[in-house]
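One structure is given below, encoded as structure tokens.
Numbering (the working numbering), first residue to last: -2 to 256.
Next comes the structure, spelled out in structure tokens:
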């Protein structure tokens, strides 16, 4: 597009975040830490680069892949994220969170092409066995309505609709890898295998769309939606606490004028 400026009789204006004088240095620094990879190039440097290649390029198996005995024994909170597939693999990922760090502890992966179909009731049995009697928040794509109904019928608590905004979720997970705030157990073989094959769709990019290829993406979708949902919930809780901690100003009454 830039190459056709003369033909199109257009002007190319390039702005970066630094050109926005309404942002304080504190806010600019927060945005610099918030975005990574193509999102940094776009939103901070003002370069509208194409999304291509491996999506989670910040993942480093020498850093982010850890043996089971390396993980903490206690966590601030725990959740299971579910990617349900009626005609595709269904996966559950178990997470523990301590401070700002996410630990992917365990995986469940059922491929119907290799292991046959399962009913919602059987998947619910598997999810309960996966939780192993412990209490977890469960984040699941709201489109899996029949499975959600089955879980609620069993009085399984803390089932929440996952926030499945794809690009925002990818950015949240990318940030975790960038800042070494996400670690995956070496036993999670399907999760690790799909992670390095989760790539951008080149054909969609040519149309100006940012979309992952819908292939071998089941654990990546579960991780993306689960971590992003938890991040948004904690952010909302933090902002609510900040509002409650801020003293409210009492409106001053107008004094009647004396004549």
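All C-beta atoms in this analysis are idealised placements derived from N, C-alpha and C, irrespective of residue type, glycine included.
Under 8 Å between C-beta atoms of residue i and residue j
i: residue 92; j: residue 81; result: no
i: residue 218; j: residue 210; result: no
i: residue 169; j: residue 224; result: yes
i: residue 181; j: residue 61; result: yes
i: residue 127; j: residue 106; result: no
i: residue 229; j: residue 163; result: no
i: residue 63; j: residue 216; result: no
i: residue 95; j: residue 72; result: yes
i: residue 147; j: residue 171; result: no
i: residue 86; j: residue 103; result: no
i: residue 68; j: residue 174; result: no
i: residue 213; j: residue 238; result: no
i: residue 220; j: residue 90; result: yes
Which of helix, strand or coil DSSP assigns to residue i
i: residue 195; result: coil
i: residue 151; result: coil
i: residue 179; result: strand
i: residue 17; result: coil
i: residue 220; result: helix
i: residue 128; result: helix
i: residue 114; result: coil
i: residue 171; result: helix
i: residue 204; result: coil
i: residue 214; result: coil
i: residue 233; result: helix
i: residue 143; result: helix
i: residue 122; result: helix
i: residue 227; result: helix
Residue i - partner residues in DSSP beta bridges
i: residue 156; result: 135
i: residue 209; result: 197
Chain D within 8 Å of residue i, Cβ atoms only
i: residue 129; result: The structure shown contains no chain D; it holds only a single protein chain.
### Message
As an exercise, report each continuous alpha helix (DSSP H) stretch of at least 4 residues that is fully enclosed by the stretch 44 to 110, in chain order.
### Response
58 to 61
### Query
Are there three or more Cβ pairs, one per stretch, closer than 8 Å when the stretch 70 to 84 is compared with the stretch 130 to 141?
yes
### Query
Should the stretch 52 to 70 be called in touch with the stretch 109 to 125, which here means at least 3 C-beta pairs below 8 Å?
With the cut-off at 8 Å, the stretch 52 to 70 and the stretch 109 to 125 do not touch.
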